[in-house]
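Down below is the structure, laid out as structure tokens.
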Amino acid sequence: MKPIHIITLIAFITSLGSIICGLILDVEYAKKLVGFGVLGLFLIVFPLFSYYRWKDKDVKDYMITKENLDKMRENQKQNKI
410 MKPIHIITLI
420 AFITSLGSII
430 CGLILDVEYA
440 KKLVGFGVLG
450 LFLIVFPLFS
460 YYRWKDKDVK
470 DYMITKENLD
480 KMRENQKQNK
490 I
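Residues 410 to 490 (the numbering used here) are what the sequence shown spells out, left to right.
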């Protein structure tokens with residue numbers, strides 16, 4: 410496994426563990442545990458996961474341009490025949 414994948418997995422497990430501990434344990438800082446877990450998911454895990462999944466992709470392949478529309482129309486015509 411790649412290092413960024415391992416870091417993302419560890420951050421996910423830590424955030425999820427923090428949320429679960431905050432919900433299960435009856436301590437005075439339980440709400441802070443849940444909050445830090447959610448914060449970790451949205452500020453650390455999601456950006457790392459997005460970077461890992463999109464780093465080798467070309468954004469132009471996912472944009473609607475005239476060329477891509479023409480390709481989609483050609484594919485539809487070929488599939489109907």
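Ideal Cβ placement from N, Cα and C applies to all residues, glycine included. What you are looking at is a predicted structure, and each value in this text was computed from that prediction instead of being measured.
query	result
Burial state of S424 (16 or more Cβ within 10 Å)	buried
The region 411 to 423 in contact with the region 438 to 458 per 3-pair CB rule at 8 Å	yes
Residue from F458, K441, Y438 with nearest C-alpha to P412	F458
Which of helix, strand or coil DSSP assigns to L434	coil
S427 vs L448 beta-carbon contact at 7 Å	no
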